[in-house]
Amino acid sequence: MDRDLLRQSLNYHGPSLLSLLRSEQQDNPHFRSLLGSAAEPARGPPPQQPAPGRKEKRIDNIEIQKFISKKADLLFALSWKSDVPATSEVNEDNEDPYAVMPPLEQFMEIPSMDRRELFFRDIERGDIVIGRISSIREFGFFMVLICLGSGIMRDISHLEITALCPLRDVPSHSNHGDPLSYYQTGDIIRAGIKDIDRYHEKLAVSLYSSSLPPHLSGIKLGVISSEELPLYYSKNFSEDDFASALRKKQSASWALKCVKVGVDYFKVGRHVDAMNEYNKALEIDKQNVEALVARGALYATKGSLNKAIEDFELALENCPTHRNARKYLCQTLVERGGQLEEEEKFLNAESYYKKALDLDETFKDAEDALQKLHKYMQVILYFLLEI
(Lines of atoms letter the chains of each structure in order from A and count residues from 1; the text may use other names and numbers.)
(Lines give C-alpha, C1' and ligand atoms only; values in the text may rest on other atoms or scores of the structure.)
Protein backbone atom coordinates (compact mmCIF):
# COMPACT_ATOMS: atom_id res chain seq x y z
CA MET A 1 0.00 0.00 0.00
CA ASP A 2 1.11 3.55 -0.74
CA ARG A 3 1.38 5.21 2.69
CA ASP A 4 1.77 8.75 1.38
CA LEU A 5 -1.24 8.58 -0.91
CA LEU A 6 -3.40 7.03 1.82
CA ARG A 7 -2.38 9.74 4.29
CA GLN A 8 -3.20 12.49 1.76
CA SER A 9 -6.62 11.01 1.15
CA LEU A 10 -7.39 10.75 4.88
CA ASN A 11 -6.19 14.32 5.46
CA TYR A 12 -8.58 15.55 2.79
CA HIS A 13 -11.68 13.50 3.63
CA GLY A 14 -11.27 13.28 7.40
CA PRO A 15 -12.39 10.68 10.00
CA SER A 16 -15.45 9.58 8.02
CA LEU A 17 -13.23 7.99 5.37
CA LEU A 18 -11.15 6.30 8.06
CA SER A 19 -14.30 4.72 9.54
CA LEU A 20 -15.39 3.46 6.14
CA LEU A 21 -11.94 2.06 5.44
CA ARG A 22 -11.91 0.18 8.74
CA SER A 23 -15.23 -1.47 7.93
CA GLU A 24 -14.55 -2.21 4.25
CA GLN A 25 -10.88 -3.24 4.46
CA GLN A 26 -10.84 -4.98 7.83
CA ASP A 27 -9.74 -8.26 6.19
CA ASN A 28 -7.00 -6.64 4.14
CA PRO A 29 -3.64 -7.35 5.84
CA HIS A 30 -1.90 -4.54 3.93
CA PHE A 31 -4.37 -1.98 5.20
CA ARG A 32 -4.21 -3.27 8.78
CA SER A 33 -0.45 -2.82 8.74
CA LEU A 34 -0.90 0.82 7.74
CA LEU A 35 -3.81 1.60 10.02
CA GLY A 36 -1.65 2.87 12.84
CA SER A 37 0.39 5.25 10.71
CA ALA A 38 -2.53 6.30 8.56
CA ALA A 39 -4.59 7.20 11.59
CA GLU A 40 -1.99 9.61 12.89
CA PRO A 41 -3.13 13.23 13.17
CA ALA A 42 -2.90 15.10 9.92
CA ARG A 43 0.00 17.46 9.49
CA GLY A 44 -0.58 21.04 8.43
CA PRO A 45 -3.82 22.99 8.69
CA PRO A 46 -6.96 20.98 9.48
CA PRO A 47 -9.31 20.29 6.58
CA GLN A 48 -12.01 22.91 6.08
CA GLN A 49 -15.50 21.97 7.21
CA PRO A 50 -18.15 22.17 4.50
CA ALA A 51 -20.35 25.23 4.72
CA PRO A 52 -23.93 24.66 5.96
CA GLY A 53 -26.55 24.39 3.29
CA ARG A 54 -24.37 22.47 0.84
CA LYS A 55 -26.06 19.15 1.46
CA GLU A 56 -25.81 17.97 -2.13
CA LYS A 57 -22.02 18.38 -2.15
CA ARG A 58 -21.72 16.50 1.15
CA ILE A 59 -23.75 13.62 -0.28
CA ASP A 60 -21.47 13.49 -3.31
CA ASN A 61 -18.45 13.47 -1.01
CA ILE A 62 -19.88 10.55 0.97
CA GLU A 63 -20.39 8.60 -2.26
CA ILE A 64 -16.78 9.28 -3.21
CA GLN A 65 -15.60 8.10 0.21
CA LYS A 66 -17.61 4.90 -0.14
CA PHE A 67 -16.02 4.28 -3.51
CA ILE A 68 -12.52 4.93 -2.11
CA SER A 69 -13.10 2.59 0.83
CA LYS A 70 -14.35 -0.23 -1.39
CA LYS A 71 -11.54 0.10 -3.94
CA ALA A 72 -8.77 1.03 -1.50
CA ASP A 73 -6.73 -2.08 -2.29
CA LEU A 74 -6.52 -0.94 -5.91
CA LEU A 75 -6.41 2.84 -5.51
CA PHE A 76 -3.56 2.80 -2.98
CA ALA A 77 -1.54 0.01 -4.60
CA LEU A 78 2.15 0.69 -5.15
CA SER A 79 1.87 -0.27 -8.81
CA TRP A 80 0.40 3.18 -9.57
CA LYS A 81 3.64 4.89 -8.58
CA SER A 82 5.71 5.88 -11.61
CA ASP A 83 9.05 5.31 -9.88
CA VAL A 84 8.34 1.69 -8.94
CA PRO A 85 10.54 -0.69 -10.95
CA ALA A 86 8.60 -2.23 -13.81
CA THR A 87 9.83 -5.79 -13.47
CA SER A 88 7.76 -7.24 -16.30
CA GLU A 89 7.59 -4.47 -18.89
CA VAL A 90 9.24 -6.62 -21.53
CA ASN A 91 8.84 -10.18 -20.32
CA GLU A 92 5.08 -10.40 -20.70
CA ASP A 93 4.80 -14.07 -21.58
CA ASN A 94 3.02 -15.32 -18.51
CA GLU A 95 0.07 -17.57 -17.82
CA ASP A 96 -2.28 -14.95 -16.41
CA PRO A 97 -5.84 -15.84 -17.51
CA TYR A 98 -6.74 -12.51 -19.11
CA ALA A 99 -6.45 -10.96 -22.55
CA VAL A 100 -3.64 -8.58 -23.47
CA MET A 101 -5.23 -5.22 -24.29
CA PRO A 102 -4.08 -3.92 -27.68
CA PRO A 103 -2.93 -0.30 -28.11
CA LEU A 104 -5.71 2.27 -27.98
CA GLU A 105 -5.05 3.35 -31.58
CA GLN A 106 -6.38 0.01 -32.82
CA PHE A 107 -9.82 0.97 -31.54
CA MET A 108 -9.80 4.50 -32.95
CA GLU A 109 -9.38 6.09 -36.37
CA ILE A 110 -6.48 8.39 -35.47
CA PRO A 111 -4.71 10.01 -38.45
CA SER A 112 -1.13 8.86 -38.95
CA MET A 113 0.15 12.43 -38.67
CA ASP A 114 -1.40 12.84 -35.22
CA ARG A 115 -0.11 9.45 -34.06
CA ARG A 116 3.39 10.35 -35.23
CA GLU A 117 3.25 13.72 -33.46
CA LEU A 118 2.08 12.09 -30.21
CA PHE A 119 4.81 9.48 -30.45
CA PHE A 120 7.58 12.07 -30.64
CA ARG A 121 5.91 14.07 -27.89
CA ASP A 122 5.83 11.13 -25.46
CA ILE A 123 9.01 9.18 -26.27
CA GLU A 124 11.81 9.65 -23.72
CA ARG A 125 15.45 8.70 -23.37
CA GLY A 126 15.79 5.23 -21.93
CA ASP A 127 12.61 3.91 -23.53
CA ILE A 128 12.95 0.59 -25.31
CA VAL A 129 12.02 0.39 -28.98
CA ILE A 130 11.89 -2.59 -31.32
CA GLY A 131 12.45 -2.33 -35.05
CA ARG A 132 13.70 -4.05 -38.15
CA ILE A 133 17.02 -3.15 -39.82
CA SER A 134 16.31 -1.40 -43.13
CA SER A 135 19.86 -0.54 -44.21
CA ILE A 136 23.44 -0.90 -42.97
CA ARG A 137 26.04 1.81 -43.60
CA GLU A 138 29.66 2.25 -42.57
CA PHE A 139 28.61 4.65 -39.79
CA GLY A 140 25.86 2.43 -38.33
CA PHE A 141 22.51 0.99 -39.31
CA PHE A 142 18.98 2.32 -39.72
CA MET A 143 15.97 0.52 -38.30
CA VAL A 144 12.26 1.06 -38.89
CA LEU A 145 10.36 0.91 -35.61
CA ILE A 146 7.56 -1.63 -35.32
CA CYS A 147 6.60 -1.39 -31.64
CA LEU A 148 7.68 -0.24 -28.19
CA GLY A 149 9.33 -2.58 -25.72
CA SER A 150 8.59 -0.58 -22.56
CA GLY A 151 6.22 2.02 -21.23
CA ILE A 152 2.88 2.71 -22.91
CA MET A 153 1.85 0.37 -25.71
CA ARG A 154 1.65 2.22 -29.03
CA ASP A 155 0.64 1.12 -32.51
CA ILE A 156 3.53 2.50 -34.58
CA SER A 157 4.17 -0.25 -37.13
CA HIS A 158 2.60 1.76 -40.00
CA LEU A 159 4.16 5.14 -39.16
CA GLU A 160 7.53 4.36 -40.82
CA ILE A 161 9.53 5.93 -38.01
CA THR A 162 13.26 5.44 -38.60
CA ALA A 163 16.00 5.41 -35.96
CA LEU A 164 19.77 5.44 -36.39
CA CYS A 165 22.05 3.22 -34.34
CA PRO A 166 25.55 4.77 -34.70
CA LEU A 167 28.60 2.54 -34.96
CA ARG A 168 29.82 3.69 -31.54
CA ASP A 169 26.62 2.32 -29.97
CA VAL A 170 26.99 -1.14 -31.51
CA PRO A 171 28.85 -3.59 -29.22
CA SER A 172 31.59 -5.65 -30.82
CA HIS A 173 31.12 -9.43 -30.77
CA SER A 174 34.79 -10.16 -31.34
CA ASN A 175 38.15 -8.59 -30.63
CA HIS A 176 38.72 -7.92 -34.29
CA GLY A 177 36.49 -7.13 -37.21
CA ASP A 178 33.60 -4.83 -38.00
CA PRO A 179 30.86 -4.80 -35.31
CA LEU A 180 28.25 -4.30 -38.05
CA SER A 181 29.20 -7.57 -39.76
CA TYR A 182 27.13 -9.38 -37.12
CA TYR A 183 23.91 -7.73 -38.37
CA GLN A 184 21.85 -8.21 -41.51
CA THR A 185 19.05 -6.30 -43.18
CA GLY A 186 15.74 -7.56 -41.82
CA ASP A 187 17.04 -8.45 -38.33
CA ILE A 188 14.67 -7.57 -35.49
CA ILE A 189 16.48 -5.29 -33.04
CA ARG A 190 15.66 -4.25 -29.48
CA ALA A 191 17.40 -0.99 -28.56
CA GLY A 192 17.29 1.86 -26.08
CA ILE A 193 16.51 5.46 -27.02
CA LYS A 194 19.66 7.56 -26.63
CA ASP A 195 18.91 10.90 -28.32
CA ILE A 196 15.70 12.56 -29.53
CA ASP A 197 15.27 15.43 -31.96
CA ARG A 198 11.57 16.14 -31.57
CA TYR A 199 11.51 19.04 -34.02
CA HIS A 200 13.06 17.13 -36.93
CA GLU A 201 11.56 13.81 -35.73
CA LYS A 202 14.89 12.00 -35.55
CA LEU A 203 15.93 9.26 -33.14
CA ALA A 204 19.25 7.74 -32.15
CA VAL A 205 19.35 4.39 -30.38
CA SER A 206 21.97 2.34 -28.60
CA LEU A 207 22.54 -1.37 -28.05
CA TYR A 208 24.39 -0.78 -24.77
CA SER A 209 22.45 -1.41 -21.56
CA SER A 210 23.85 1.85 -20.18
CA SER A 211 21.27 3.66 -22.33
CA LEU A 212 18.48 2.16 -20.19
CA PRO A 213 17.22 3.25 -16.76
CA PRO A 214 18.32 1.09 -13.81
CA HIS A 215 15.10 -0.93 -13.58
CA LEU A 216 15.41 -1.96 -17.25
CA SER A 217 19.17 -2.47 -17.37
CA GLY A 218 18.81 -6.26 -17.21
CA ILE A 219 16.95 -6.44 -20.51
CA LYS A 220 18.87 -7.89 -23.44
CA LEU A 221 19.45 -5.46 -26.30
CA GLY A 222 20.39 -6.41 -29.84
CA VAL A 223 19.01 -9.05 -32.18
CA ILE A 224 15.87 -10.80 -30.94
CA SER A 225 13.56 -13.41 -32.43
CA SER A 226 9.92 -12.87 -33.38
CA GLU A 227 8.93 -14.93 -30.31
CA GLU A 228 10.45 -12.21 -28.08
CA LEU A 229 8.19 -9.45 -29.43
CA PRO A 230 5.70 -7.97 -26.94
CA LEU A 231 2.44 -9.89 -26.73
CA TYR A 232 0.32 -6.92 -27.80
CA TYR A 233 2.25 -6.85 -31.09
CA SER A 234 3.00 -10.52 -31.76
CA LYS A 235 -0.45 -11.83 -30.80
CA ASN A 236 -2.96 -9.88 -32.82
CA PHE A 237 -6.68 -10.31 -33.27
CA SER A 238 -7.96 -13.17 -35.37
CA GLU A 239 -9.00 -12.02 -38.85
CA ASP A 240 -12.48 -13.36 -38.12
CA ASP A 241 -12.82 -10.92 -35.21
CA PHE A 242 -12.38 -7.76 -37.28
CA ALA A 243 -15.36 -5.59 -38.15
CA SER A 244 -15.26 -6.40 -41.87
CA ALA A 245 -15.36 -10.15 -41.27
CA LEU A 246 -18.07 -9.84 -38.63
CA ARG A 247 -20.11 -7.57 -40.90
CA LYS A 248 -19.73 -10.02 -43.78
CA LYS A 249 -20.90 -12.91 -41.62
CA GLN A 250 -23.81 -10.88 -40.27
CA SER A 251 -24.85 -9.72 -43.74
CA ALA A 252 -24.72 -13.27 -45.07
CA SER A 253 -26.99 -14.42 -42.25
CA TRP A 254 -29.53 -11.64 -42.85
CA ALA A 255 -29.46 -12.19 -46.60
CA LEU A 256 -30.06 -15.92 -46.17
CA LYS A 257 -33.19 -15.21 -44.15
CA CYS A 258 -34.53 -13.10 -47.02
CA VAL A 259 -33.69 -15.88 -49.49
CA LYS A 260 -35.63 -18.42 -47.44
CA VAL A 261 -38.67 -16.15 -47.38
CA GLY A 262 -38.32 -15.61 -51.13
CA VAL A 263 -38.15 -19.37 -51.79
CA ASP A 264 -41.38 -19.84 -49.83
CA TYR A 265 -43.04 -17.15 -51.97
CA PHE A 266 -41.69 -18.79 -55.13
CA LYS A 267 -43.15 -22.19 -54.20
CA VAL A 268 -46.68 -20.75 -53.90
CA GLY A 269 -46.39 -18.76 -57.12
CA ARG A 270 -45.90 -15.29 -55.57
CA HIS A 271 -43.08 -14.42 -57.96
CA VAL A 272 -43.15 -10.64 -57.43
CA ASP A 273 -42.81 -11.02 -53.65
CA ALA A 274 -40.07 -13.61 -54.17
CA MET A 275 -38.14 -11.24 -56.44
CA ASN A 276 -38.43 -8.47 -53.85
CA GLU A 277 -36.93 -10.73 -51.18
CA TYR A 278 -34.07 -11.82 -53.45
CA ASN A 279 -33.29 -8.20 -54.32
CA LYS A 280 -33.41 -7.28 -50.63
CA ALA A 281 -30.95 -10.09 -49.87
CA LEU A 282 -28.55 -8.84 -52.55
CA GLU A 283 -28.79 -5.29 -51.21
CA ILE A 284 -27.60 -6.63 -47.86
CA ASP A 285 -24.94 -8.94 -49.33
CA LYS A 286 -24.10 -8.26 -52.98
CA GLN A 287 -22.15 -11.50 -53.36
CA ASN A 288 -24.59 -13.83 -51.61
CA VAL A 289 -24.46 -16.99 -53.71
CA GLU A 290 -27.79 -18.42 -52.58
CA ALA A 291 -29.60 -15.18 -53.42
CA LEU A 292 -27.98 -15.05 -56.87
CA VAL A 293 -28.90 -18.66 -57.64
CA ALA A 294 -32.48 -18.20 -56.42
CA ARG A 295 -32.96 -14.98 -58.39
CA GLY A 296 -31.40 -16.58 -61.46
CA ALA A 297 -33.83 -19.47 -61.21
CA LEU A 298 -36.73 -17.02 -61.00
CA TYR A 299 -35.43 -15.09 -64.03
CA ALA A 300 -35.20 -18.37 -65.96
CA THR A 301 -38.75 -19.30 -64.96
CA LYS A 302 -40.02 -15.95 -66.25
CA GLY A 303 -38.05 -16.33 -69.51
CA SER A 304 -35.37 -13.70 -68.82
CA LEU A 305 -32.57 -16.11 -69.71
CA ASN A 306 -29.80 -13.52 -70.17
CA LYS A 307 -30.40 -12.11 -66.68
CA ALA A 308 -30.52 -15.64 -65.30
CA ILE A 309 -27.19 -16.47 -66.93
CA GLU A 310 -25.61 -13.33 -65.44
CA ASP A 311 -26.75 -14.29 -61.92
CA PHE A 312 -25.60 -17.90 -62.28
CA GLU A 313 -22.20 -16.85 -63.62
CA LEU A 314 -21.70 -14.37 -60.77
CA ALA A 315 -22.72 -17.01 -58.23
CA LEU A 316 -20.28 -19.50 -59.76
CA GLU A 317 -17.54 -16.87 -59.75
CA ASN A 318 -18.03 -16.31 -56.01
CA CYS A 319 -18.33 -20.02 -55.27
CA PRO A 320 -16.88 -22.25 -58.04
CA THR A 321 -17.96 -25.43 -56.22
CA HIS A 322 -21.66 -24.50 -55.94
CA ARG A 323 -23.43 -27.43 -57.60
CA ASN A 324 -26.80 -25.79 -58.21
CA ALA A 325 -25.20 -22.69 -59.73
CA ARG A 326 -23.27 -24.85 -62.21
CA LYS A 327 -26.25 -27.10 -62.93
CA TYR A 328 -28.73 -24.26 -63.51
CA LEU A 329 -26.21 -22.31 -65.59
CA CYS A 330 -25.66 -25.28 -67.92
CA GLN A 331 -29.41 -25.80 -68.31
CA THR A 332 -30.02 -22.11 -69.00
CA LEU A 333 -27.19 -21.92 -71.53
CA VAL A 334 -28.68 -24.83 -73.47
CA GLU A 335 -32.13 -23.26 -73.33
CA ARG A 336 -30.77 -19.93 -74.55
CA GLY A 337 -28.89 -21.74 -77.30
CA GLY A 338 -32.17 -23.28 -78.43
CA GLN A 339 -33.73 -19.81 -78.64
CA LEU A 340 -30.83 -18.62 -80.79
CA GLU A 341 -31.26 -21.62 -83.07
CA GLU A 342 -34.87 -20.65 -83.64
CA GLU A 343 -33.66 -17.16 -84.52
CA GLU A 344 -31.22 -18.84 -86.97
CA LYS A 345 -28.22 -17.46 -85.08
CA PHE A 346 -26.42 -20.76 -85.33
CA LEU A 347 -22.90 -19.63 -84.45
CA ASN A 348 -24.15 -17.91 -81.28
CA ALA A 349 -26.13 -20.99 -80.34
CA GLU A 350 -23.02 -23.13 -80.89
CA SER A 351 -21.01 -20.92 -78.49
CA TYR A 352 -23.65 -21.35 -75.77
CA TYR A 353 -23.65 -25.14 -76.12
CA LYS A 354 -19.84 -25.23 -76.01
CA LYS A 355 -19.85 -23.00 -72.94
CA ALA A 356 -22.20 -25.41 -71.19
CA LEU A 357 -19.89 -28.33 -72.06
CA ASP A 358 -16.88 -26.40 -70.75
CA LEU A 359 -18.66 -26.16 -67.41
CA ASP A 360 -19.75 -29.80 -67.41
CA GLU A 361 -18.32 -32.24 -69.94
CA THR A 362 -20.90 -34.86 -68.96
CA PHE A 363 -23.92 -32.62 -69.56
CA LYS A 364 -25.76 -34.73 -72.15
CA ASP A 365 -28.36 -32.11 -73.13
CA ALA A 366 -25.62 -29.73 -74.27
CA GLU A 367 -23.76 -32.49 -76.11
CA ASP A 368 -26.91 -33.66 -77.92
CA ALA A 369 -27.91 -30.10 -78.81
CA LEU A 370 -24.45 -29.36 -80.19
CA GLN A 371 -24.38 -32.54 -82.32
CA LYS A 372 -27.86 -31.82 -83.65
CA LEU A 373 -26.83 -28.26 -84.50
CA HIS A 374 -23.70 -29.43 -86.33
CA LYS A 375 -25.71 -31.90 -88.43
CA TYR A 376 -28.23 -29.22 -89.29
CA MET A 377 -25.46 -26.78 -90.24
CA GLN A 378 -23.87 -29.47 -92.47
CA VAL A 379 -27.18 -30.04 -94.23
CA ILE A 380 -27.61 -26.33 -94.85
CA LEU A 381 -24.03 -26.09 -96.11
CA TYR A 382 -24.61 -29.05 -98.45
CA PHE A 383 -27.67 -27.47 -100.03
CA LEU A 384 -25.87 -24.16 -100.39
CA LEU A 385 -23.02 -25.89 -102.23
CA GLU A 386 -25.48 -27.74 -104.49
CA ILE A 387 -27.04 -24.47 -105.52
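Using the working numbering, the letters of the sequence shown correspond one by one to residues 6 to 392. Every residue gets a Cβ at the ideal spot worked out from N, C-alpha and C, and that includes glycine.
Query - Contacting residues, own chain, Cβ-Cβ under 6 angstroms from Y270 (five flanking each side not counted) - result: D278, A279, listed in sequence order.
Query raised in the report: Quick one: what does DSSP say F368 is sitting in, helix, strand or coil?
Result: When DSSP states are grouped into helix, strand and coil, F368 belongs to the coil group.
Query raised in the report: Along the chain, which unbroken stretches of the alpha helix (DSSP H) at least 4 residues long are found entirely within the region 324 to 370?
Result: Taken in chain order, the unbroken stretches of alpha helix (DSSP H) that lie wholly in the region 324 to 370 and span 4 residues or more are 328 to 347, 351 to 364.
Query raised in the report: Mind checking F144: buried by the 16 CB within 10 Å criterion, or exposed?
Result: When all chains shown are included, F144 counts as exposed.
Report task. Can you tell me which of M148, S117, G131 puts its alpha carbon nearest to the alpha carbon of D160? Result -> With distances taken between Cα atoms, D160 lies closest to S117.
**Report entry** Bounding residues of the beta strand (DSSP E) (the contiguous stretch that carries M148)
**Finding:** Note, M148: beta strand (DSSP E), 145 to 153.
Query - Within 8 angstroms, strictly: CB atoms of Q70 and L11 - result: Not in contact: Q70 and L11 (Cβ atoms no closer than 8 angstroms).
Report task. List the residues that DSSP assigns as beta-bridge partners of I198. Result -> Note: I198 is bridge-paired with V210 in the DSSP secondary-structure output.
Requested in this report: Report the option in A313, P108, T167, S309 whose CA atom is closest to the CA atom of F125.
Outcome: Across the set A313, P108, T167, S309, the C-alpha of T167 shows the shortest separation from the C-alpha of F125.
Query - Sub-8 angstroms separation of C324 and I289 beta-carbons - result: Result no, Cβ atoms of C324 and I289 do not sit closer than 8 angstroms.
Query - Whole-Å CB distance - I138 paired with F146, under 8 angstroms assumed - result: That pair is a contact at about 5 angstroms.
Query raised in the report: Where does R142 sit, in a helix, a strand or coil, going by DSSP?
Result: Collapsing the DSSP output to three states places R142 in a strand.
**Report entry** L251 vs I135 beta-carbon contact at 8 angstroms
**Finding:** Not in contact: L251 and I135 (Cβ atoms no closer than 8 angstroms).
Query raised in the report: What's the call for A77, buried or exposed, on a 16-neighbour Cβ count within 10 Å?
Result: Its Cβ being crowded by 16 or more others within 10 Å, A77 is buried.
Query raised in the report: When DSSP labels each residue in this structure, what does T190 get in the three-state scheme?
Result: In this structure, T190 counts as coil in the three-state DSSP scheme.
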